[in-house]
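Working notes, structure below.
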Amino acid sequence: MGTSASATSQAAPFAPTHQADHQGNGMAEHRRSLQSVNIHNSKTKSIITNKVAPVVITNNCREEFQIHDKIQSSNYSMGRISDLLPEHYLVLGEFFMVQDIYNRADVLNTTKSHGAPNFRKVKGNYPLFGMGQPSLNGFKQVLQRLQIDGCEEVVFICVREEPVVFFRSDGDFIPYTPRGRENLHENLHDLDRELSAEQIELSIRKELCDFAKLSENMFYVYNDIEHFKDDPQQVQILSEEDIHVTEEVYKRPLFSQPLHRYYRLPLPMEGAPLEKTFDAFVNILRVTPNLSLMRDSSRPLPALLFSCQVGVGRTNLGLILGAIVFHHLQGASESPRQEIQKSEHKLDFQVIELLISHLPKGQQVLDEVDDAIAMCSEMHNIKDAVFENKLKLEGIGEDYQIQGKSTKAYFLQRTLQSLERYVYLLVFNAYLHDQYPQAFPQSFSQWLCMNAWIYRLLACMDSSELSAPASLITDGIRVLVSSKFLATDLLSTAKEMKVANFRRVSKMALYGMAQPNSEALAVVMSYLTDQRRGHSTILWLNLQEELVLEANGQMFTPREPGSLEQPIPVCVQHPQKLQEMELTLKHDILRCEKWLGVITEQDKQMRMFKTCHTIEELFVHQKSVHPGLSYQRIPLSDCCAPKEEVFDQLLEAMKSSLAEDPNCAFIFNCHDGKDRTTAAMVIATLTLWHINGFPECEEDEFVSVPNAKYTKGEFEVVMQVVRVLPEGHRVKREVDIALDVVSETMTPMHYHLREIIISTYRQIKMAKSEADAQWLRLRSLQYLERYIYLILFNCYLHLEKKDSWRRSFSQWMSQVAARAGVYAILNHLGFSEFENPDDSLMARLRFRWLPHSAQFIPMLMSLICLCVEDCGQGKMNPAWHSRTVKSHVLWRNCISYILYL
Numbered sequence: 001m002g003t004s005a006s007a008t009s010q011a012a013p014f015a016p017t018h019q020a021d022h023q024g025n026g027m028a029e030h031r032r033s034l035q036s037v038n039i040h041n042s043k044t045k046s047i048i049t050n051k052v053a054p055v056v057i058t059n060n061c062r063e064e065f066q067i068h069d070k071i072q073s074s075n076y077s078m079g080r081i082s083d084l085l086p087e088h089y090l091v092l093g094e095f096f097m098v099q100d101i102y103n104r105a106d107v108l109n110t111t112k113s114h115g116a117p118n119f120r121k122v123k124g125n126y127p128l129f130g131m132g133q134p135s136l137n138g139f140k141q142v143l144q145r146l147q148i149d150g151c152e153e154v155v156f157i158c159v160r161e162e163p164v165v166f167f168r169s170d171g172d173f174i175p176y177t178p179r180g181r182e183n184l185h186e187n188l189h190d191l192d193r194e195l196s197a198e199q200i201e202l203s204i205r206k207e208l209c210d211f212a213k214l215s216e217n218m219f220y221v222y223n224d225i226e227h228f229k230d231d232p233q234q235v236q237i238l239s240e241e242d243i244h245v246t247e248e249v250y251k252r253p254l255f256s257q258p259l260h261r262y263y264r265l266p267l268p269m270e271g272a273p274l275e276k277t278f279d280a281f282v283n284i285l286r287v288t289p290n291l292s293l294m295r296d297s298s299r300p301l302p303a304l305l306f307s308c309q310v311g312v313g314r315t316n317l318g319l320i321l322g323a324i325v326f327h328h329l330q331g332a333s334e335s336p337r338q339e340i341q342k343s344e345h346k347l348d349f350q351v352i353e354l355l356i357s358h359l360p361k362g363q364q365v366l367d368e369v370d371d372a373i374a375m376c377s378e379m380h381n382i383k384d385a386v387f388e389n390k391l392k393l394e395g396i397g398e399d400y401q402i403q404g405k406s407t408k409a410y411f412l413q414r415t416l417q418s419l420e421r422y423v424y425l426l427v428f429n430a431y432l433h434d435q436y437p438q439a440f441p442q443s444f445s446q447w448l449c450m451n452a453w454i455y456r457l458l459a460c461m462d463s464s465e466l467s468a469p470a471s472l473i474t475d476g477i478r479v480l481v482s483s484k485f486l487a488t489d490l491l492s493t494a495k496e497m498k499v500a501n502f503r504r505v506s507k508m509a510l511y512g513m514a515q516p517n518s519e520a521l522a523v524v525m526s527y528l529t530d531q532r533r534g535h536s537t538i539l540w541l542n543l544q545e546e547l548v549l550e551a552n553g554q555m556f557t558p559r560e561p562g563s564l565e566q567p568i569p570v571c572v573q574h575p576q577k578l579q580e581m582e583l584t585l586k587h588d589i590l591r592c593e594k595w596l597g598v599i600t601e602q603d604k605q606m607r608m609f610k611t612c613h614t615i616e617e618l619f620v621h622q623k624s625v626h627p628g629l630s631y632q633r634i635p636l637s638d639c640c641a642p643k644e645e646v647f648d649q650l651l652e653a654m655k656s657s658l659a660e661d662p663n664c665a666f667i668f669n670c671h672d673g674k675d676r677t678t679a680a681m682v683i684a685t686l687t688l689w690h691i692n693g694f695p696e697c698e699e700d701e702f703v704s705v706p707n708a709k710y711t712k713g714e715f716e717v718v719m720q721v722v723r724v725l726p727e728g729h730r731v732k733r734e735v736d737i738a739l740d741v742v743s744e745t746m747t748p749m750h751y752h753l754r755e756i757i758i759s760t761y762r763q764i765k766m767a768k769s770e771a772d773a774q775w776l777r778l779r780s781l782q783y784l785e786r787y788i789y790l791i792l793f794n795c796y797l798h799l800e801k802k803d804s805w806r807r808s809f810s811q812w813m814s815q816v817a818a819r820a821g822v823y824a825i826l827n828h829l830g831f832s833e834f835e836n837p838d839d840s841l842m843a844r845l846r847f848r849w850l851p852h853s854a855q856f857i858p859m860l861m862s863l864i865c866l867c868v869e870d871c872g873q874g875k876m877n878p879a880w881h882s883r884t885v886k887s888h889v890l891w892r893n894c895i896s897y898i899l900y901l
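This is how it looks when you write it as structure tokens:
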């Protein structure tokens, strides 16, 4: 019944289909289409919208009109690869469709015999297979081959994250992928985080059908991107059935084999998968009965088949995961030792040694992963890749550029990515040991939140500074920056006390300041021990994690010439290592006997240093004058929440000093006496209140200014933590009072933690660039996390006070707070009042806890780690071979922060 009519929609500005589909509501689009349709009101009875097209039914219900939008060519973009090639429509607004696999990629030459490039079975007796991208007929041939080999059940896992579509060709469907003009050899990744590869493939197919209708049912593709012989070629597209998406190619053949299963598990080209990817893999194990530890052992194991584009990198990672799973199901592979030959290379990396020493059955976990890697090493070996890239890295003397990229940075990135992948395999195997026997009550993400120490361990593996030679200063690669340049005296105390930002918490023996030199140290000690104050016992806590020296009576710290404001933190297991490095730097400066470039409060100057002292030497001298002085160094990261062990160290230091003298005075300093000093003073204030008693608390003042709750710290994520904690509102209120008390001492600084959280976040909208916006977002999250940690620490002080805090804060966090879901909350940290926290990787512990610089905020981060054998044994790391400021700055930044765009 009825006829069809068409109406022309208004030409709209171009937007890729996958964006338009995501941004708009399909029903709303149909309604907009109706606005351009001229239908006589006398005929129209009702309008029915659906996903295909609006339907108009006339008054007498005898006619039905289905309205189709006319395809507008102005909605799409056109382009060409070169002036010699024809112009044509571009997929997703900018990409060309290129044949996915080239002949040389099939190293094992298995396409004809098995149906897919690089098809192989792993060494040993596990039913574990890998391959590259097959065509539709090739995939059917693979399934037939597995059936002939006796595989009754097949779990096929496609590990590609990039979109792939298949064009009809000579009775088959051949895979093609969209690629950019700049690099036609590389597939696309991270096209749209909110859309899956399957959704993007459907959008591409819709565009291709539209392009064909605009071009006489033809579309241009490329088969030879090396020489462009006979390219581009035209393919005929008459309907959607001439184009298949990945799901159709892999699922349709399974209808004839009901025991087969298909999953898509996108794995990254380099580095370790995200936790949610491991979760998806675990879910495959959950829903496959024959992969359960409770499986019927009389039945054969299902075959696991992994496939990526070429069948090497990501397929290799999938095979290793499968081999680890089969080891848990069936035990070690029963294969001759000569068939499975382990890598001869032992990876002596600090991160691996620390991880294995902390994991239950650590050595067994390591051996099992190494066995799995060896079984799957026919085409690629992760351990060999780490070792070989490290050798290439060490073999580079002076850095040089290839196509505008640093060669050292390239091989360093490859090394760290392979290392990260290996380390996460160890962590995942440890997870399987714990959770597989229990049928996975926790996902991998949840398990890591319960074992957040792993994130701490991985985040602290930037050991590059441990191998940095002291001669970086004397060779002019780095410069010494004066504390007067770095520490603005906002409290105007330098004239009287000889040190910037000196202050005291009211009615408490708590003091804070910037880094003092020997003169300021003597003045401060005289001030504290005079007749009026009369402190006979003093504990001085230095919070700096950078190297600091006094030279010619001034305090200096090393910095990169191009980043004078950016500190160079040194990640050490023990603070004594900082003293050793400062001693080495001191001796090198005195031994060089030449003029060195330094940055003072005025400008760059040349100085010859006659005297030089480490911080510890300054305090040793003062201790000879004031025997009641004690000195400790507890490194604390700038702007971040203190690590759990920092809370432990501060609490233990205060408890020990107060046990000797209840009237002990405490002094804290960082480089400017502002950020880290304030955080430590708040921790000390809460500790003393728990020991000596809390002051009387006034009722909350009613504040009528807009958004006052945010300046009061009442963010949704904060209140979520407060609701979990016993007497959470009281605990938060006490922290707020401590912040107010400490901040009263520094009003001219305009620095209050609760206020700086929201003020930093609000600056994001005014950021001049995306990099600045990301930096401000990270800073606001770090301040927010610091506030939450202060609340958690105060709760700990309350609950563990009855046992005199015998259980450390670190233990309490892992044994108590983690089980209450605190780390799970911190793993989704953000300002949910204004945005979705999960839109930023910085919401995750894995990325937020890594060391960052203002220039390098990651989209995805690699592990930061250097070899144990290169650290502390007089062996210069290749990172420090460069002798130009430009290449050195680039090199050091690459060491500390690897950015995947």
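Everything in the sequence shown is counted per UniProt numbering, starting at 1 for the first residue and increasing by one. Backbone N, C-alpha and C define an ideal beta-carbon position, used for all residues, glycine too.
Burial check for P558: the Cβ neighbour count within 10 Å reaches 16 or more, so the residue is buried. E560 is bridged by DSSP to S563. In this structure the segment 232 to 247 does not lie against the segment 265 to 277, because fewer than three pairs of beta carbons, one per stretch, are closer than 8 Å. For D172, the enclosing beta strand (DSSP E) has its first and last residue at D172 to R179. Only residues of its own chain outside the window of five on either side were considered, and among them T614 have a CB closer than 8 Å to the CB of L583, listed in chain order. Judged by beta-carbon spacing, T474 lies within the 8 Å limit of D588, meaning their Cβ atoms are closer than that value.
For M450, the three-state secondary structure derived from DSSP is helix. A straight-line Cα-Cα distance of about 22 Å links C460 and Q363.
Between the segment 507 to 523 and the segment 439 to 456 there are fewer than three C-beta pairs closer than 8 Å, too few to call the two in contact.
Under the DSSP assignment, L510 falls in the beta strand (DSSP E) whose first and last residues are L510 to M513. Taking 8 Å as the upper bound for CB-CB distance, F485 and E560 are not in contact here, some 14 Å apart.
Within its own chain, no residue has a Cβ closer than 8 Å to the Cβ of D772 once the five positions on either side in sequence are excluded. Within the segment 776 to 852, the runs of alpha helix (DSSP H) that reach at least 4 residues and sit entirely inside it are, in chain order, 809 to 812, 822 to 826 and 845 to 848.
Y126 and H574 have their C-alpha atoms roughly 45 Å apart. Rounded to whole angstroms, Y436 and Q815 show a C-alpha spacing of 22 Å. In the DSSP assignment, Q605 is bridged to V598. Remark: fewer than three beta-carbon pairs, one from each stretch, lie closer than 8 Å, so the segment 127 to 137 and the segment 213 to 232 are not flagged as touching. Note on the segment 132 to 161: whole alpha helix (DSSP H) runs with a minimum of 4 residues are 136 to 148, in chain order. Around the beta carbon of P117, a 10 Å sphere encloses 16 or more other beta carbons of the protein chains shown; the residue is thus reported as buried.
For R205, the three-state secondary structure derived from DSSP is helix.
Take the alpha-carbon of L510 and the one of G318: they are about 56 Å apart.
Selection A372, Q763, M555 and L539 evaluated against Q622 yields L539 as nearest (Cα-Cα). With respect to the 8 Å criterion, F173 and L305 are not classified as neighbours on the basis of their beta carbons. Our two residues, M842 and L826, have alpha carbons roughly 11 Å apart in a direct line.
Of the candidates V325, R261 and N103, the residue whose Cα lies closest to the Cα of I225 is N103. Between V365 and L426, the C-beta gap is smaller than 8 Å, which places the two residues in contact.
In the DSSP assignment, N669 is bridged to M513 and N542.
Of the residues assessed, Q141 falls on the buried side of the cut-off, its CB having 16 or more other CB atoms within 10 angstroms.
Contact check for V351 against L480 fails: the beta carbons are separated by 8 Å or more. Taking a cut-off of 8 Å on C-beta distances, the segment 521 to 531 does not touch the segment 646 to 659, as fewer than three cross pairs fall below it. In the DSSP assignment, the residues bridged to E550 are M555 and H613.
Boundaries of the alpha helix (DSSP H) around Y761: L753 to R762. The three-state secondary structure of Y527, taken from DSSP, is helix. In this model, R723 and I788 are separated by some 12 Å (Cα to Cα). Rounded to the nearest whole angstrom, the C-alpha separation of L784 and M508 is 26 Å.
The secondary-structure analysis by DSSP pairs H244 across a beta bridge with F166.
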